[in-house]
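**Student:**
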Amino acid sequence: MATEVEHGAEMADHAVENTGLVFHPMDQFIVKPLFGDGHVGMFTITNVTLWMAIAIAAIAALMVWGTSRRAIVPSRTQSVAELAYGFIHKMVEDVTGKDGLKYFPYIMTLFMFIVMSNFLGLIPMSFTTTSHFAVTVVLALAVFLGVTILGFVKNGASFLSLFWVSSAPLALRPILALIEVISYFVRPVSHSIRLAGNVMAGHAVLKVFAGFAAVAAVSPLTIVAITAIYGLEVLVAFIQAYVFTILTCVYLKDALHPHH
Amino acid sequence: MEGQLAHIGAGLAGLGTGLAALGVGNVAANFLSGALRNPSAAASQTATLFIGIAFAEALGIFSFLVALLLMFAV
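As given, the protein sequences belong to chains A and B, one line each in that order. Everything in the first sequence is counted per our numbering, starting at 59 for the first residue and increasing by one. Everything in the second sequence is counted per our numbering, starting at 15 for the first residue and increasing by one.
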């Protein structure tokens with residue numbers, strides 16, 4: 059973590075020296091401690107901690123306070139909370155099946171955390187926690203380990219039939235098994251990098267255009283472009299949370315029903 | 015010299031992002047042509063559409079990651 063800050067400072071110097079931009083587009087992802095002298099240790103409160111806490115508080119406010127009055131004609135907050143709940147509930151039921159509903163609370167938590175982090179990150183001057191691989195890799199590894207353990211607990215050794223494609227010709231099966239095993243272990247990698255990569259790329263693009271806005275000749279065009287890209291980013295923020303969640307459901311389905 | 019080569023490599027890795035765009039476009043185009051032939055079946059397949067798009071896009075994100083690594087980590 060400490061090296062990350064040094065590296066960030068290096069990046070800032072680098073920006074001043076080499077590029078024409080006023081700030082470096084990757085500066086927004088630097089992890090900074092909120093208090094103290096800039097040293098980041100294991101338990102330092104950083105801007106990542108702050109924005110994660112804000113995300114949790116926002117989710118709690120939306121879900122608990124929003125549904126506390128339970129009006130027959132729902133308020134706007136209550137509608138959003140109910141829509142989110144119904145949306146994820148239906149997704150889990152459709153993709154994983156009825157027996158997957160036992161794991162609905164975990165998937166709902168994942169979705170709400172990711173979507174709230176993504177949306178909070180879109181507020182100017184805020185920090186996007188999901189743009190850091192450290193965050194998304196933990197989320198994806200939790201899913202990967204949980205699903206693998208669940209698969210073995212539920213199915214025993216027959217969980218390994220996930221890798222033995224019984225519908226393929228016998229000669230092809232060993233090769234397919236090898237490919238299936240590799241693709242199984244690549245899952246947490248692609249699962250985490252997809253989310254962080256998308257969010258980080260989008261925010262970096264916004265900052266690159268913001269850098270061009272300082273050039274008077276192109277600034278009107280740039281401001282239009284920023285507005286358009288921002289709209290796209292709102293869409294991406296939701297879709298990436300959706301994709302992360304639905305892939306979790308798909309992996310869960312594989313663990314519960316490994317037979318092809 | 016090595017640093018400049020890394021920048022060239024980052025640019026080449028950026029090509030992968032564009033190629034992933036072709037893949038994503040291909041998924042969406044085929045979904046749309048199928049959906050227009052049978053609109054009643056389209057709504058039930060949007061989840062599959064997003065999974066397909068996500069898989070095609072992941073490889074583009076990987077090449078973006080390679081570009082980032084070449085720029086900042088090598």
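Built from N, CA and C at the ideal position, the CB exists for glycine as well. Given the structure is predicted, the values throughout are model-derived calculations rather than measurements.
1) How is threonine 186/A classed by DSSP in three states: helix, strand or coil?
2) Only counting the same chain, and skipping five residues up and downstream in sequence, which positions put a Cβ closer than 8 Å to that of histidine 315/A?
3) Measure the C-alpha to C-alpha separation of isoleucine 88/A and alanine 192/A and round it to an integer number of angstroms.
4) Helix, strand or coil for proline 91/A per DSSP?
5) So what does DSSP say about threonine 104/A, is it helix, strand or coil?
6) Can you give the beta carbon distance from alanine 111/A to glycine 124/A, rounded, assuming they're within the 8 Å contact cut?
7) With burial defined as no fewer than 16 other Cβ atoms inside 10 Å of the residue's Cβ, what is the status of arginine 252/A: buried or exposed?
8) Looking at chain B, which residues of the segment 146 to 172 of chain A have a Cβ within less than 8 Å of any of its Cβ atoms?
9) Cβ closer than 9 Å: which chain B residues qualify as neighbours of leucine 290/A?
10) Starting from serine 248/A, find everything on chain B with Cβ-Cβ shorter than 7 Å and list it in chain order.
11) Quick check on DSSP: helix, strand or coil for valine 99/A?
12) Taking only the alpha-carbon atoms, compute the straight-line gap between phenylalanine 86/B and phenylalanine 81/A and give it to the nearest angstrom.
13) Can you list, in chain order, the residues of its chain whose CB lies under 7 Å from that of leucine 310/A, leaving out five sequence neighbours each side?
14) Kindly indicate the opening and closing residues of the alpha helix (DSSP H) around isoleucine 284/A.
15) Looking at the C-beta of alanine 259/A, does it have a partner C-beta in chain B at a distance below 8 Å?
16) Give a yes or no on whether the minimum CB-CB distance between phenylalanine 78/B and chain A is below 8 Å.
17) Can you give the Cα-Cα distance for glycine 255/A and serine 77/B, rounded to whole angstroms?
18) Answer with buried or exposed for glutamine 86/A, where buried requires no fewer than 16 other C-beta atoms within 10 angstroms of its C-beta.
**Tutor:** Taking the geometry as given:
1) The sequence position of residue 186/A within the first sequence is 128, counting from 1. It is coil, neither helix nor strand.
2) Here residue 315/A corresponds to residue number 257 of the first sequence, with the count starting at 1. Answer for histidine 315/A: Gly155, listed in chain order.
3) The residue labelled residue 88/A in the question sits at position 30 within the first sequence. The residue labelled residue 192/A in the question sits at position 134 within the first sequence. CA-CA distance, isoleucine 88/A to alanine 192/A, rounds to 13 Å.
4) For the purposes of this step, residue 91/A is taken as residue 33 along the first sequence, with counting starting at 1. Proline 91/A falls in the strand class under three-state DSSP.
5) Position 46 of the first sequence, counted from the start, is the residue given in the question as residue 104/A. Reduced to three states, the DSSP call for threonine 104/A is strand.
6) In the first sequence, counting from the first residue as 1, residue 111/A sits at position 53. In the first sequence, counting from the first residue as 1, residue 124/A sits at position 66. Distance from alanine 111/A to glycine 124/A at the Cβ level is roughly 19 Å; contact not present, criterion being Cβ atoms closer than 8 Å.
7) Numbered from its first residue, the first sequence carries residue 252/A at position 194. Looking at its Cβ environment, which holds 16 or more other Cβ atoms inside 10 Å, arginine 252/A is buried.
8) For the segment 146 to 172 of chain A, the residues whose beta carbon sits under 8 Å from a beta carbon of chain B are, in order, Met149, Asp152 and Val153.
9) By 1-based counting over the first sequence, the position of residue 290/A is 232. Within chain B, no residue comes near leucine 290/A; the closest Cβ sits about 13 Å away, beyond 9 Å.
10) Against the first sequence, residue 248/A aligns to sequence position 190. Counting only Cβ-Cβ distances below 7 Å, serine 248/A has contacts in chain B at Ala72, in chain order.
11) Against the first sequence, residue 99/A aligns to sequence position 41. Looking at the sequence itself, residue 99/A is glycine, so the reference to valine does not match. Of the three classes helix, strand and coil, the one that applies to glycine 99/A here is coil, per DSSP.
12) Taking the first residue of the second sequence as position 1, residue 86/B is located at position 72. Taking the first residue of the first sequence as position 1, residue 81/A is located at position 23. If you take the alpha carbons of phenylalanine 86/B and phenylalanine 81/A, they lie about 16 Å apart.
13) Here residue 310/A refers to the residue found at position 252 of the first sequence. Once the five neighbours on either side are set aside, the close Cβ partners of leucine 310/A are Thr154, Gly158, Tyr161 and Val205.
14) Here the question's residue 284/A lines up with position 226 in the first sequence. Run containing isoleucine 284/A: 277 to 314, per the alpha helix (DSSP H) assignment.
15) In the first sequence, residue 259/A corresponds to position 201, counting from 1. Answer yes: the Cβ-Cβ gap between alanine 259/A and chain B drops below 8 Å somewhere.
16) What you label residue 78/B is simply residue 64 of the second sequence in a count that begins at 1. Yes, because at least one Cβ of chain A sits closer than 8 Å to the Cβ of phenylalanine 78/B.
17) What you label residue 255/A is simply residue 197 of the first sequence in a count that begins at 1. What you label residue 77/B is simply residue 63 of the second sequence in a count that begins at 1. The alpha-carbon of glycine 255/A is positioned some 10 Å away from that of serine 77/B.
18) For this step, residue 86/A is matched to residue 28 along the first sequence. By the C-beta density criterion, glutamine 86/A is buried, having at least 16 other C-beta atoms within 10 angstroms.
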